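Only one structure is covered here, and it is reproduced in the block below.
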Amino acid sequence: MKKLVCMPRSISRRLKGGRVSEHEACVQQIVRCGELHPPASAGVSPVQINPGLAPETPTLIGLCRGEHLRPGLEVHCADVRDLHDLTIQCMERGESLHLALILDGEVDVSFGSRRLGLSTGGSRHRPQAVCVALSEPALFVRRAWRGKHERKVSITLSREWLAAVDPEGDAGYAALFDRHLAVERWKPTPRAVALAEQLIRPLDDPPLLRKLHQESRVIELAAEALRQLLGVTPPPSLLPREGRRVADVRDLLDSGAADGMSLEEIARHAGTNASTLQRQFRVAFGTTIFDYLRRGRLLRARHALEREGRSIVEAACIAGYTNPANFATAYRRQFGITPRQSQIVC
1008 MKKLVCMPRS ISRRLKGGRV SEHEACVQQI VRCGELHPPA SAGVSPVQIN
1058 PGLAPETPTL IGLCRGEHLR PGLEVHCADV RDLHDLTIQC MERGESLHLA
1108 LILDGEVDVS FGSRRLGLST GGSRHRPQAV CVALSEPALF VRRAWRGKHE
1158 RKVSITLSRE WLAAVDPEGD AGYAALFDRH LAVERWKPTP RAVALAEQLI
1208 RPLDDPPLLR KLHQESRVIE LAAEALRQLL GVTPPPSLLP REGRRVADVR
1258 DLLDSGAADG MSLEEIARHA GTNASTLQRQ FRVAFGTTIF DYLRRGRLLR
1308 ARHALEREGR SIVEAACIAG YTNPANFATA YRRQFGITPR QSQIVC
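Following this note's numbering, the residues of the sequence shown are numbered contiguously, the last one being 1353.
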C-alpha cells in the first residue's frame, strides 16, 4: 500500500481521465500529468497538483486501475512508482469509510488534519491496513517523491451503501462514523492479502465475469476489514495447535531456511504429513506452501533490484532461478512489470 495509505476513487478516476479502457488499465502503463485533469463534471472535486507539470509529463509508471462498482462502492488498485516529487489533493465527500491495504512500499497522505504514514518494512514485507472515517467532507492530500513505490488496494464505502446492505440499521457500523477523521488500524489476514492480490492481478476473463469477480473480492475484502473494526470474531477454522504449527511453518519459510527443502521435509519439520500441512496452511493463509515461498523469493528479488541496485542475474539467484528468462516470466506474472522495468523506475 509506501507512504501513501490510500488513493480515493475521486483521484483514481482522474488517473484514467476517461482515456484508458478497462482492459488497458490492467497492464503496465505510464500515467501522464494531463490524465489527472479530466474535463470538469458535476459532483467531481477538482484535483490540484503541486508543483504544476506540463500535461504530457509522465507522472506514474505501473499498474493503476480504479472502478466505480456500485453507487457508494469504489475500489482503486495500484502497483506504481512515482516519477516526481509532488502533492496531489482534492476534496473527499463525507459519510464514507476509506479502507486501505498496503501490500508493499510506503504511503504518506492526509485526510483533513490527520496525516497518515505507513510502511511495509522493506524486505520484511509486512502488509499494513487502516480505516479512515469521514463524517463530513475533508481535504485529501497525497505526498509523493521520485522513486516512491506503492502496491495497494483501497476501498471506499459510503454510509448509504452500508445502509442499503443492512436495511435493519445495525448500530455496529454506524458507530464508525461517530468520530470525524477517526483512524483505525486493522490487521490484514492472509485471506485479505490473497484477495488484494487477486484484485491487483484480475483474471483475464470477459468483462462481465471480470466485473463479477472483482466485486465479489472487494466485498469480501471489506468484510474482512469490518469484521475486525466491529469486533466480530470469525469462527475458528483451525485448532490452536494447528494454528501454531502453520505459523511456525510460515516463519520457517520467511527465514529462508526452507528454500532447499521438499514439502515432505517441511512437513516432517512441523511434525505432520505433507497433505495435512498443505491443507492447514491453505486454510490459514489462502495459498499453498510453495506459492507462498515463491512469492517471498520474488519479493526479496524485487527489493534487491529496486533498493540494493542488484543485477537481474543476481536477483534471479535470490528468487531461486538459474534461468533469467524464467525469472523474468515469473516476475512479470507476479508484479505486472519486468525486472528491467524495476531497475529503470527505481
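Every residue gets a Cβ at the ideal spot worked out from N, C-alpha and C, and that includes glycine.
Owing to the predicted nature of the structure, the values given are computational and were not obtained by experimental measurement.
In the three-state reduction of the DSSP assignment, R1192 falls in the strand class. K1218 has no beta-bridge partner at all, per DSSP. CA-CA distance, Q1341 to G1278, rounds to 31 Å. By the Cβ test, the stretch 1165-1181 is not in contact with the stretch 1207-1216, since fewer than three Cβ pairs between them sit closer than 8 Å.
From the listed residues N1333, W1193, D1258, L1188, the smallest Cα separation to E1099 is found for L1188. Cβ contact annotation for F1288 (same chain, cutoff 6 Å, sequence separation greater than five): V1253, I1296, in chain order. Spatial neighbours of L1070 in its own chain (CB-CB distance under 6 Å, excluding positions within 5 residues in sequence) are listed in chain order as D1086, G1343.
The Cβ neighbour count for H1310, taken over all protein chains shown within 10 Å, is at least 16; the residue is labelled buried. For N1330, no alpha helix (DSSP H) encloses it, and the DSSP letter there is neither H nor E.
With a cutoff of 9 Å on beta-carbon distance, A1107 and C1138 are scored as near each other. By the neighbour-count criterion, in which 16 or more other beta carbons inside 10 Å mark a residue as buried, D1092 falls on the exposed side.
Separation of C1040 and I1319 (C-alpha to C-alpha, rounded to the nearest whole angstrom) is 30 Å. By DSSP's assignment, K1159 forms a beta bridge with A1085, I1109.
I1056 sits in a strand when the DSSP states are folded into three classes.
Rounded to the nearest whole angstrom, the CA to CA distance from T1336 to T1345 is 8 Å.
Apart from sequence neighbours up to five positions away, the residues of its chain that approach S1126 with a beta-carbon distance below 6 Å are E1113, ordered along the chain. Spatial neighbours of F1184 in its own chain (CB-CB distance under 7 Å, excluding positions within 5 residues in sequence) are listed in chain order as E1102, A1140, S1142, R1166. Distance from the CA of A1229 to the CA of A1308, rounded to the nearest whole angstrom, comes to 30 Å. With a cutoff of 9 Å on beta-carbon distance, A1232 and A1182 are scored as not near each other. A residue is called buried when at least 16 other Cβ atoms come within 10 angstroms of its Cβ; I1037 does not meet this threshold and is exposed. Here R1317 has A1311 as same chain residues with Cβ atoms under 7 Å from its own Cβ, once five neighbours each way along the sequence are excluded. If you draw a 10 Å sphere on the C-beta of D1115, you find 16 or more other C-beta atoms in it, and that means buried.
In this structure, L1080 keeps its C-beta atom at 9 Å or more from the C-beta atom of E1271. Comparing alpha-carbon positions, the option among A1136, P1144, V1148 lying closest to S1161 turns out to be A1136.
Per the coordinates, the alpha-carbon of T1294 lies some 16 Å from the alpha-carbon of R1224.
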